[in-house]
Amino acid sequence: MTDGTDLPNSPQPGPAPGSGGYGFPPQTPNPYQPGPAQGQPSGGGFGPPPAQPQTEAPLGGGGAEPFFLPSMPSTPDWQAMADATEAQRRKRRRLTIGIGALAVVLIAGGAGFFVLNGSGDDPKNPPAVASSGSPSASGDSSPSPDGKTPEDDSPTVPGEPNLLRDRSGKMGIALGPGASLGELAKRTEVRFKGTPDSYAQGAEPAVDVTKSFTVSTRAYNVAETGSRMAVSQGDGVSYSFELGFEVVNGKKAWVFRVQTGDKGQAATAQQVVVDNVDTTRQWVLLTGTYDAEKKTIALWVDDKQGGQAQVSGIWPGPGPLQLGRARHHEIWSAAWDGPLDHIRIFDQALGQEQITGLKNNKTGKTKPTHSWLI
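Residue numbering for the sequence shown follows this note's numbering, starting at 4 and increasing by one per position.
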């Protein structure tokens with residue numbers, strides 16, 4: 004910034020003779036163009052040498068025997084020069100190819116260090132994106148020692164690369180145009196961009212909200228503001244339940260919210276909010292439960308209960324399970340920004356011990372009714 008007065012003009016010195024100008028390397032002679040012959044004046048062109056050879060002063064001193072520098076041939080050996088240049092070009096090409104191959108090996112090796120808890124994993128710069136959803140890049144369908152084939156562990160329905168495979172039931176989830184799958188080591192995640200076309204939708208409702216249930220997902224939130232729902236259900240006037248991130252009373256928070264009335268109004272919604280934990284750029288296990296007997300909802304962050312609330316019941320709104328968005332006042336909103344995996348639905352309200360098992364990826368005897376990307 005200046006105070007409004009003109010700055011003194013300090014002209015820049017011109018480049019030194021033969022330097023090539025500002026920022027350019029010094030000029031070098033063209034190896035393919037002959038220079039002036041021995042004894043020819045520099046400004047005299049490339050004509051034949053003078054009739055009389057130029058005699059140089061003797062090297063050394065005293066009575067040393069004088070000698071003369073041999074005259075250069077008037078015609079350079081063009082073929083030898085071309086052969087030498089081509090050899091240098093081939094050497095540089097081999098060096099470039101070798102460096103590129105080494106870089107590929109290092110990058111491929113580094114991808115193997117992914118840790119399941121997401122440490123050091125920035126989903127904004129994923130190392131690989133799955134194109135088919137199959138964990139077997141070679142297409143080998145041979146059974147493993149436990150009798151399973153690659154299709155048994157595939158995150159998608161065989162032959163349907165955009166349909167998430169239900170590992171516990173029979174309900175696939177179709178990816179929207181803005182959602183994609185990403186593979187990291189032996190784990191697959193679904194990635195959302197926080198845009199209206201970035202979502203995934205089930206074929207039908209996955210939860211009977213008139214009865215007890217649990218909905219759980221591992222989530223990585225990139226957004227700092229707004230409402231961002233990882234999992235919800237309903238496509239009518241309003242959601243029946245939604246689980247995700249929201250700014251509540253000026254604080255970034257995790258939220259589990261249910262709709263108790265059929266108009267989708269804020270007055271008929273009940274929620275549990277956890278705003279005393281980090282909510283961005285780290286993996287977290289979000290779990291919402293509904294106990295139909297006690298008429299209570301609860302929100303768990305990892306394996307700690309963040310709170311609970313009394314409700315009169317949950318409105319069974321029409322429509323299927325949703326990933327990456329929620330229905331508000333007959334429009335889609337709350338687009339999720341980041342990846343999700345380990346999505347599970349249970350037909351009971353899980354307790355402390357069971358949710359601790361979920362965090363450690365061990366469900367024991369408590370089996371989900373639906374599960375994706377586990």
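For every residue, glycine included, the Cβ atom is placed at its ideal position computed from N, Cα and C.
Please name the residue in the options whose C-alpha comes closest to that of residue i.
i: L187; options: L343, K368, F349, T366; result: L343
i: K266; options: P321, F259, R221; result: P321
i: S315; options: V251, P199, T299; result: T299
i: G341; options: W303, A206, R221, A209; result: R221
i: A209; options: G360, Q325, E356, Q285; result: Q325
i: T271; options: Q262, N224, R194; result: Q262
i: P199; options: P164, L361, M232; result: M232
i: A338; options: P164, R194, L166; result: R194
i: D306; options: Y293, K189, N363, W335; result: N363
i: K196; options: D169, A295, N224, V212; result: N224
i: D281; options: V275, A256, G360; result: A256
i: P292; options: Q308, D278, R284; result: The sequence given here places Thr at residue 292; Pro does not occur at that position. The shortest Cα separation from T292 among Q308, D278, R284 belongs to Q308.
i: T217; options: E249, A329, R260; result: R260
i: N252; options: G229, P164, E245; result: G229
i: F244; options: E296, G354, A329; result: A329
i: V304; options: G185, V275, T191; result: V275
i: L376; options: L353, L167, I358; result: L167
i: H345; options: S215, L289, Q311, W335; result: L289
i: A203; options: Q313, F248, P323; result: P323
i: A182; options: T366, N165, W318; result: N165
i: V212; options: E249, L246, A295; result: A295
i: D156; options: T191, I358, K173; result: T191
i: T283; options: K254, D169, G264; result: K254
i: T359; options: V287, G162, Q273, K297; result: V287
i: G264; options: A226, W318, L184, Q273; result: W318
i: G239; options: Q273, S201, E207; result: E207
i: G327; options: E163, Q355, F248; result: F248
Give the secondary structure of residue i by DSSP, where H, G and I count as helix, E and B as strand, and everything else as coil.
i: I348; result: strand
i: K362; result: helix
i: D340; result: strand
i: E356; result: helix
i: A329; result: strand
i: K370; result: coil
Rounded C-beta distance between residue i and residue j? I'm assuming under 8 Å.
i: S416; j: K370; result: Shown here, the chain extends from 4 to 377; a query on residue 416 therefore has no answer.
i: S235; j: H332; result: In fact, because the Cβ distance is near 14 Å, the residues do not count as touching under 8 Å.
i: V160; j: G175; result: 6 Å
i: V277; j: G310; result: 7 Å
i: K214; j: D350; result: 7 Å
i: I348; j: H373; result: 4 Å
i: Q273; j: A301; result: Their Cβ separation, rounded to whole angstroms, is 12 Å, which puts Q273 and A301 out of contact at 8 Å.
Could you tell me the boundaries of the beta strand (DSSP E) in which residue i lies?
i: R221; result: 216-223
i: V210; result: Segment: none, V210 is in no beta strand (DSSP E) and carries neither H nor E.
i: A177; result: 176-178
i: W375; result: 373-375
Going along the chain, which unbroken runs of the beta strand (DSSP E) with 3 or more residues stay wholly within the stretch 230-314?
-> 230-236, 244-251, 254-262, 272-277, 286-294, 299-304, 307-313
Counting only runs that start and end within the stretch 168-206, where is the beta strand (DSSP E) found for 3 or more residues in a row?
-> 176-178, 183-187, 190-196, 203-205
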